[in-house]
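Structure first, commentary second.
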Amino acid sequence: MSDQKTERLINLTMALLATKRFLSKSEIFETVAGYTGSLETKERMFERDKDDLRALGITIHVGSHDPLFEDELGYRIYENEYELELGALTPSELSYLSLAATLWRNQLFASSGEQALLKIDALAGTALREDFGHAALSLENETPLFPALWEAITTLRTIVFTYRSRSTSRRRLAPYGLTLWHGSWYLVGLDLDKEEIRVFRVSRIISEIEFESAPSAFAVPTDFSISSHLVMLNTGESTTFTARVRVGRCQSLRAKSTVSNIDSEWDRIEFSLGGNWLEQLLWFGPDLVLEAPEENVTEITALLRSKL
Amino acid sequence: MREGALDRVARALNLIPFITHNPGLSVVQIAERFNSTPAQISKDLSLLHMCGLPGYSHLELLDIDYEDPDYVSVTDAQVLDQPRSLTQVEALTLVLGLQALTELSTNPEERLAITNLQSRIGALYENQISAQVTISDAVVESPVIAEVDSAIREKRFISIEYNSASSDSLTTRTIFPLDLFYMHGIAYLHAIAVAEGEERTFRIDRIQNCSIGEIDSKFAVGFTSRNRTSDHKEVQIEMGEDGLFFIEKHNEIVTSSKEVGGIYQITLTVTPGEWILRTLLAWPSAIRVVQPASLSQQLSERIAGTLANYQ
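In order, the protein sequence lines correspond to chains A and B. Following my numbering, the numbering of the first sequence begins with 1136 at its first residue and continues without gaps. Following my numbering, the numbering of the second sequence begins with 59 at its first residue and continues without gaps.
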């Protein structure tokens, strides 16, 4: 882009922001620096400039500056829409915001966080920030489909995608929300074929997100809350186990057990574990021998035989 | 690299309020913040110097002082003194970031302040954001996180009692903590292990005790981790349909995978040793190690040894 064009776009933004009333095209051509040439050239320039500013996320309002004569339209940018307005921020609030912006490692959020931080620092300056803990903390997650899902959710469009679980299938969904859990995104919505609210792990979506409907195709039920649909938050019943463990071994399990000594080689421990007990116990291999409950002993030995 | 046509306009509009509220930075410092070059920022500033409001006399032009590249300031920002509003994704990034901070915070007052801030940003977008996108998990609660946290800030050594999962042992060691990170819902600590002279990663929930040591503000400066000889080995395994879930869970070590007739053939890159052996042993279905043969044999022996305890 030429310097002249960049300059003109900045001048136009400033003029539309400064005006307290709608500026007509002819006023813009007369007063804003950079509009030259024939009327037709200026018109073309202006149309492109408006598109460019909108592409930058700047909302230009179109209206009439004279309510009695609506024939000539005018343009302006409202200050309260253009500017970031968060009210007065304390030094610790500025610190929280700057931390929130820098927690991210994945590309989408890391770069939007960087942009957000520039704006926050343009509110009050970096000098006011308080030094605060967690200074180098990052969230990690993957997000290639995020922008499309986010758009579908915010504009209420139904979507179609291919989902791979134990089997692969096409799913039609009215997307209600996204949630980050253990570093992965989960999509919650109404499955339009099953007519039920379902949870999908975004990393198991193996196609692009196709928009099926136009915007505003559905309404999210007013009593909907993401968390009530998250099956993975239900760790299930926990079971109390008794096991023999070798003296000095199974450290992380001992930390949550009651321990009694058997002999110089073995201790006996009692502890509770939830749904993933098999994996947790097998981790210790021959250093742990499960004694009770009976059915869990049967399950662990059957699994070991199948693994041989 | 050519920058996008509109990126320069966007940057220019952000530069003015940024410099207005951060006067006295050098062109080099500004370029760093804007991911740009000092030459580009200088060009931007001289272009902005020509912009202003209709009239375009010295009273209407942006007044920027950049003669001295070590001290840039804006004397008159005209209508550009405030930053632009946040885009939806920027607002979402902040709202989610704040939500993660409330999960981490141990102080109720701090939590309240952060929650308030979150709703102020949410309100700019009619609270859509916080209802539609959430964070569902907290960092594993740990009694030592506050100590680790202050040690990072104060640049102090700490002495920890660490429970290593792969070796199933409890060791005491002195480390210099560098930063915390949060992955798959678990908090990890990056630190320099003093005895080894290497950077290591520790899981916060496996630190059983932590005592604060001396301050050394320069310890990490210029520290280079001793060159670790790359001891990564390739491991090939085969498993049934839950191979999909194995790949998902151990994403960071999977280098390739394919499914043939319900059998998943997965290649991993790992450091040989207890960790991979225990991971394969603990997986709740059968896994065949194709190679290396030594790992295959170790795994069979470990399974047989575990099973022998029950006979």
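We put the CB at the ideal spot given by N, CA and C, even for glycine. Owing to the predicted nature of the structure, the values given are computational and were not obtained by experimental measurement.
CA nearest to the CA of residue i, picked from the options
i          : options                                           : result
Ser-1302/A : Leu-1308/A, Thr-1290/A, Ile-1341/A and Ser-1246/A : Ile-1341/A
Ser-1363/A : Thr-1176/A, Arg-1333/A, Glu-1414/A and Asp-1402/A : Arg-1333/A
Leu-1232/A : Glu-256/B, Ser-177/B and Thr-192/B                : Ser-177/B
Leu-365/B  : Leu-339/B, Val-312/B and Glu-254/B                : Leu-339/B
Val-1197/A : Asn-1411/A, Trp-1412/A and Gly-1209/A             : Gly-1209/A
Glu-332/B  : Asn-267/B, His-308/B, Arg-360/B and Asp-263/B     : Arg-360/B
Leu-159/B  : Ala-251/B, Thr-173/B and Ile-262/B                : Thr-173/B
Asp-1459/A : Val-1295/A, Thr-1194/A and Glu-1142/A             : Beyond the ends of chain A as shown, which are 1136 and 1443, falls residue 1459/A; an answer cannot be given.
Ala-1259/A : Arg-91/B, Ala-149/B, Asp-102/B and Thr-78/B       : Thr-78/B
Gln-190/B  : Asn-1396/A, Pro-1279/A and Trp-1285/A             : Trp-1285/A
Ser-315/B  : Val-293/B, Asp-207/B, Asp-226/B and Thr-329/B     : Val-293/B
Tyr-124/B  : Gly-82/B, Tyr-240/B and His-248/B                 : Gly-82/B
Thr-327/B  : Thr-337/B, Asp-65/B, Thr-313/B and Ala-344/B      : Thr-313/B
Ile-1288/A : Ala-1257/A, Tyr-1321/A, Ser-1300/A and Tyr-1298/A : Tyr-1321/A
Gly-1410/A : Thr-1297/A, Asn-1431/A, Ser-1173/A and Thr-1225/A : Asn-1431/A
Ser-200/B  : Thr-229/B, Glu-161/B and Pro-166/B                : Glu-161/B
His-116/B  : Asp-134/B, Leu-144/B and Glu-205/B                : Asp-134/B
Leu-1234/A : Leu-1224/A, Thr-1225/A, Gly-1248/A and Asn-1241/A : Gly-1248/A
Leu-302/B  : Tyr-114/B, Thr-325/B, Leu-238/B and Pro-127/B     : Thr-325/B
Glu-1330/A : Phe-1346/A, Thr-1237/A and Ala-1309/A             : Ala-1309/A
Glu-168/B  : Asp-1256/A, Ser-1230/A, Ala-1236/A and Ala-1257/A : Ser-1230/A
Glu-127/B  : Ala-97/B, Leu-144/B and Leu-138/B                 : The question names Glu, yet the displayed sequence has Pro at residue 127/B. Nearest option by C-alpha distance: Ala-97/B.
Helix, strand or coil at residue i [DSSP, three-state]
i          : result
His-116/B  : coil
Leu-1438/A : helix
Arg-1240/A : coil
Tyr-1231/A : helix
Phe-303/B  : helix
Gly-1268/A : Only weak support exists for where Gly-1268/A lies, its pLDDT of 49 falling under 50; the coordinates are left without a value.
Ser-200/B  : coil
Pro-235/B  : strand
Ala-70/B   : helix
Pro-1310/A : strand
Gln-1387/A : The residue you asked about is not Gln; residue 1387/A is Ser in the sequence shown. Residue state, collapsed to three classes: helix.
Asp-102/B  : helix
Asp-1402/A : strand
Leu-1188/A : helix
Thr-1148/A : helix
Tyr-240/B  : strand
Met-1180/A : helix
Lys-291/B  : strand
Gln-1139/A : helix
Arg-60/B   : Because the pLDDT of Arg-60/B is 48, which lies under 50, any placement of that residue in the model is unreliable, and the number read from its coordinates should be weighed accordingly. Coil.
Val-1167/A : coil
Arg-1336/A : strand
Arg-178/B  : helix
Gly-1420/A : helix
Phe-260/B  : strand
Phe-1346/A : strand
Nearest-angstrom beta carbon gap, residue j and residue i [assumed within contact, 8 Å]
i          : j          : result
Gln-136/B  : Met-1180/A : Not quite, the Cβ-Cβ distance comes to about 22 Å (not below 8 Å), so this is no contact.
Arg-1389/A : Asp-1422/A : The pair is not a contact, with the Cβ atoms about 11 Å apart (cut-off 8 Å).
Gly-298/B  : Gly-319/B  : About 11 Å; that fails the 8 Å criterion.
Gln-157/B  : Thr-192/B  : 7 Å
Arg-1292/A : Ala-1349/A : 7 Å
Arg-261/B  : Ala-251/B  : 14 Å between Cβ atoms; not a contact.
Ser-227/B  : Gln-1386/A : 7 Å
Ile-1228/A : Ala-171/B  : It is worth fixing the name first, because residue 1228/A is Glu in this sequence and not Ile. That pair is a contact at about 7 Å.
Leu-1438/A : Pro-342/B  : 6 Å
Gly-180/B  : Val-147/B  : Rounded, the Cβ-Cβ distance is 14 Å, inconsistent with contact.
Phe-1244/A : Thr-151/B  : 5 Å
Ile-74/B   : Val-132/B  : 6 Å
Ile-1361/A : Val-1323/A : 5 Å
Leu-103/B  : Val-130/B  : 7 Å
Ala-149/B  : Leu-175/B  : Between Leu-175/B and Ala-149/B the Cβ distance is about 12 Å, and since that is not below 8 Å, they are no contact.
Arg-1143/A : Gly-1169/A : 3 Å
Is the segment 1302 to 1319 of chain A touching the segment 1241 to 1252 of chain A in the sense that three or more CB pairs, one from each, lie closer than 8 Å? Put simply, the segment 1241 to 1252 of chain A does not touch the segment 1302 to 1319 of chain A. Fewer than three CB pairs are less than 8 Å apart.
Three or more beta-carbon pairs under 8 Å between the segment 1147 to 1161 of chain A and the segment 1210 to 1221 of chain A, yes or no? Output reads yes: the segment 1210 to 1221 of chain A touches the segment 1147 to 1161 of chain A.
So, do the segment 1371 to 1378 of chain A and the segment 1414 to 1433 of chain A have three or more beta carbon pairs nearer to each other than 8 Å? Segments in contact, yes.
In the segment 117 to 160 of chain B, which residue ranges form an unbroken beta strand (DSSP E) of at least 3 residues, counting only runs that do not cross its ends? Counting only runs that start and end inside the segment 117 to 160 of chain B, the beta strand (DSSP E) elements of at least 3 residues fall at 121 to 123 and 131 to 134.
Could you tell me whether the segment 261 to 276 of chain B touches the segment 202 to 214 of chain B, where touching means 3 or more Cβ pairs closer than 8 Å? Touching, yes, given that three or more Cβ pairs across the two stretches are closer than 8 Å.
Taking 8 Å as the cut-off, does the segment 285 to 304 of chain B touch the segment 232 to 241 of chain B (at least 3 CB pairs, one atom from each stretch)? Contact between the segment 232 to 241 of chain B and the segment 285 to 304 of chain B is absent, because fewer than three Cβ pairs lie under 8 Å.
Do three or more CB pairs link the segment 80 to 94 of chain B to the segment 1404 to 1420 of chain A at distances below 8 Å? The segment 80 to 94 of chain B and the segment 1404 to 1420 of chain A do not touch, with fewer than 3 CB-CB distances between them shorter than 8 Å.
Decide yes or no for the touch test of the segment 1181 to 1192 of chain A against the segment 103 to 113 of chain B: beta carbon pairs closer than 8 Å, at least 3 of them. Here the segment 1181 to 1192 of chain A makes no contact with the segment 103 to 113 of chain B; the two share fewer than three CB pairs at distances below 8 Å.
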